[in-house]
Structure formats: structure tokens, C-alpha cells
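Have a look at the structure below, then the notes.
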Amino acid sequence: MRRGFLKKTVLAAMALTLGLSTLSAKEADWPKEIKFGILPVAGSEKLKEIYGSLTEYLEKKLDTKVKLVITSDYAAAIVGMGHKHLDMVGFGPKSYCEAAKRANAEAIVAGIDIKSGVPGYYGYILTKKGSGLKTLEDIKGKIWAFTDPHSTSGTLVPSVLFAEKGIDPKKYFSKVIYSGKHEASILSVKNGKVDAASTNNLSFGRGLGKQWEKEDFNIIWKSDLIAGNPIAVRKDLPESLKKALKEAFVAFKDKETLDKIKYAGYAPVTDKEYDGIRALIKLKNSIAKKQ
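Each step along the sequence shown adds one to the number in this note's numbering, with nothing skipped, and position 54 is 231.
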């Protein structure tokens, strides 16, 4: 009886050891720290407040340190991933397409729009309430603000809109600036520093009741649904880590944090879902060559 008991104990111990060694082998190639880059769509402190809980959640879910990195601009995020200084980045659709091309980025999930319930968001063109500027025709000869050259809703989508309408921004507006951030564009319209600017419903929603009110603006144009802002990882990360990250984002249900980000949650996506954005980039470049 005793010999049988010892045999079973030894076998159980061996099975446990094998199981642990398999688990260790699976996770041995994970980085000790995952550097999570966020685009500078708002101030650093505000972004840390918004994404802090998500970062903590990922750490607990993966049992791995996750460091939040607010990049200086869109280009820095792409370069950071390309040089392996960033392991994961919350990109916009256009900047993701650039990163997939130049920085080995791979989309795993995207934010789900609260109203539509699908991964995506909408571009806006704003003017100040009381300015009398309510159409694209009204803002001719006025001061216009794009955000960042790599921004989808802040630059790419309105640029294609203008091209389709035969508008050359440099000739149509009295002045064209790049604000660098969606928050800066919205505040510039509110404070009368620019007459009109392009942004999106997510960035607009994040500042409502804090930095501005809906009544401060005219939304003179709204785009069709744009492919969702993707969370992308370096393609060369271990497959087990990429899978764990995807599952963690999809399982994230903290309403308070999601409300701050203005998402209903995250949904799995693939690179192919951004081919429509690539088509817009190609169209914009083609038009630019003709002008």
C-alpha cells in the first residue's frame, strides 16, 4: 500500500513539474516588460488617467509588467515600434497602415463604437457656435486646422473629402495649420484661434463636460464609419503573447475606463480590415500628384 502511494505521489509530482516546465517554456520568450505606446491625442496626464486602469488590468491578466508610454507624436510611435522600443501601440487607422508597412506592426483588436456597436468611429468638422460657419462653403477663406499628418480623421479623411469636392486647402483657406493633437484642434476652435478643424467623435466625446460642451460647436460635417482605432503589436512578438493580449483586450469590461476612452469594448480585427484606409491613402497621394 505504502509503495503504491509513493509511486502515485512521484508520478503526480513529475506531471506537475512537466506542466510547469511547459508553461515556463511557453512564457520564457515573453519580454519582462511590455511597453504600451499611446498616441498624443490629448495631454499626457489626461491620457495616463484614461489608460492607467487598462494598463493595470493587463499587468494582472498577463502577470507581466506593462509600461504606458505617451509618444511625442504619431511618427515617434511608428519609429518606436520599428526600433523595438515599443511592443504595442494604440494607433489610428492611417498611422497603423504606416506602421504595418514600416514597423512590422500587426493589428489584434480595435475599439468598438458605443453607438454603432462595431469597431469604428466618425470624423467631424467643427466650427464655433455663433460664428455663422455652418457649411463647407462658409469656411472658405478662413483659418483651418488639421491635426497630425499621420492622423486618419484629423488629416487623411478630410483631405480626401476636399479632393473629391475639388478643394485645395492651401488655396481654399486663408491659412492651414497642423495642431498636433485632436484636443488642441477642438480647443483652438472653441477659443477662436482657428475657424474650423477636423477631429472625430471619440476625441470630441472625451472632453465633453470638462474642456468643452457640445453647445460650443457646430458639427458641419460627419464622415462615414471609419475602421476602428487598432491596438497593434510587433509582429515578431511570441504568438502566445499576442494571443494572450488579444484575449485580454476582448475580455476587458471595465465600464468606467471604457467610458473615458469612449468605447463599448474591444473586438478582434485583422490587418485586412484596413485595406479601405490604404485605398484612401493611395487616392490622396494620387490626387496630390495631380495638383
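From the three backbone atoms N, C-alpha and C, an ideal C-beta is built for every residue, glycine too.
Contact belief for residue i with residue j at Cβ below 8 Å, rounded distance in angstroms
{"i": "Tyr273", "j": "Ala409", "result": "6 Å"}
{"i": "Leu469", "j": "Ala444", "result": "Nothing can be reported for residue 469, as the shown portion of the chain is limited to 178 through 468."}
{"i": "Lys305", "j": "Phe394", "result": "6 Å"}
{"i": "Thr248", "j": "Gly214", "result": "5 Å"}
{"i": "Lys212", "j": "His262", "result": "7 Å"}
{"i": "Leu402", "j": "Ser293", "result": "6 Å"}
{"i": "Arg411", "j": "Met258", "result": "6 Å"}
Rounded straight-line distance, which links the Cα of residue j to that of residue i
{"i": "Phe350", "j": "Asp206", "result": "53 Å"}
{"i": "Ile302", "j": "Asp264", "result": "33 Å"}
{"i": "Lys203", "j": "Asp372", "result": "A caution first: Lys203 carries a pLDDT of 44, below 50, which makes its placement in the model too unreliable to give a value."}
{"i": "Trp398", "j": "Thr312", "result": "8 Å"}
{"i": "Pro217", "j": "Lys467", "result": "32 Å"}
{"i": "Ile320", "j": "Ile438", "result": "29 Å"}
{"i": "Lys209", "j": "Pro407", "result": "24 Å"}
{"i": "Thr199", "j": "Asp240", "result": "Its pLDDT being 35, under 50, Thr199 is placed unreliably in this model, and the value from its coordinates should be taken loosely. About 17 Å."}
{"i": "Asn281", "j": "Ser308", "result": "45 Å"}
{"i": "Phe323", "j": "Gly331", "result": "5 Å"}
{"i": "Leu460", "j": "Val337", "result": "7 Å"}
{"i": "Ser400", "j": "Pro335", "result": "9 Å"}
{"i": "Phe426", "j": "Thr447", "result": "14 Å"}
{"i": "Leu231", "j": "Asp290", "result": "18 Å"}
{"i": "Leu195", "j": "Gly229", "result": "Low confidence applies here, because Leu195 scores a pLDDT of 40, under 50, leaving its location unreliable and the question unanswered by this model."}
{"i": "Ile464", "j": "Lys238", "result": "46 Å"}
{"i": "Lys223", "j": "Ser380", "result": "12 Å"}
{"i": "Asp413", "j": "Lys423", "result": "15 Å"}
{"i": "Lys387", "j": "Phe429", "result": "25 Å"}
{"i": "Leu462", "j": "Lys370", "result": "The sequence given here has Asn at residue 462, not Leu. If you take the alpha carbons of Asn462 and Lys370, they lie about 29 Å apart."}
{"i": "Asp431", "j": "Leu364", "result": "29 Å"}
{"i": "Ala456", "j": "Gly269", "result": "15 Å"}
{"i": "Pro415", "j": "Ile227", "result": "28 Å"}
{"i": "Glu433", "j": "Tyr451", "result": "29 Å"}
Beta-carbon proximity list for residue i, same chain, < 7 Å, skipping 5 on both sides
{"i": "Lys271", "result": "His327, Ser328, Thr329, Leu333, Ile454 and Ile458"}
{"i": "Asn378", "result": "Tyr298, Tyr299 and Tyr301"}
{"i": "Asp325", "result": "Asp250, Tyr251, Gly331, Thr332, Tyr355 and Gly357"}
{"i": "Ile255", "result": "Ser272, Glu275, Ala276, Arg279 and Ala280"}
{"i": "Lys391", "result": "Leu385"}
Opposing strand residues paired with residue i [DSSP bridges]
{"i": "Gly442", "result": "Ile289"}
{"i": "Ser375", "result": "Ile302"}
{"i": "Trp207", "result": "Partner(s): none; Trp207 has no beta bridge."}
{"i": "Phe394", "result": "Lys305"}
{"i": "Lys399", "result": "Tyr301"}
{"i": "Lys437", "result": "Answer is none; Lys437 lacks a bridge partner."}
{"i": "Arg411", "result": "Ala282"}
{"i": "Leu364", "result": "Leu364 pairs with nothing; no bridge assigned."}
{"i": "Leu385", "result": "Trp389"}
{"i": "Pro296", "result": "Ile289"}
{"i": "Gly267", "result": "Ile215 and Ile408"}
{"i": "Ile320", "result": "Lys352"}
{"i": "Lys242", "result": "Glu210"}
Neighbourhood of residue i by C-beta, 8 Å cutoff - its chain only, sequence neighbours within 5 removed
{"i": "Phe339", "result": "Asp345, Pro346 and Tyr349"}
{"i": "Leu310", "result": "Thr304, Ile316, Lys319, Asp372, Ala373, Asn395 and Ile397"}
{"i": "Lys225", "result": "Leu245 and Ile247"}
{"i": "Lys342", "result": "Leu313"}
{"i": "Glu236", "result": "Lys242 and Val243"}
Contacting residues, own chain, Cβ-Cβ under 6 Å from residue i (five flanking each side not counted)
{"i": "Gly318", "result": "Ser351"}
{"i": "Trp120", "result": "Nothing about residue 120 can be reported from this structure: the residues present for the chain run from 178 to 468 only."}
{"i": "Ser362", "result": "Ala322, Thr324, Ser356, Ala374 and Thr376"}
{"i": "Gly405", "result": "Ala287, Gly288, Pro296 and Gly297"}
{"i": "Gly267", "result": "Ile215 and Ile408"}
{"i": "Ser201", "result": "At Ser201, the pLDDT of 38 sits below 50, so the modelled position is not reliable; the number obtained from the coordinates is stated separately. Closer than 6 Å at the Cβ level, and outside the excluded window around Ser201, lies no residue."}
{"i": "Glu360", "result": "Ala219"}
Between the segment 282–298 and the segment 419–437, do at least 3 Cβ pairs fall closer than 8 Å?
-> yes
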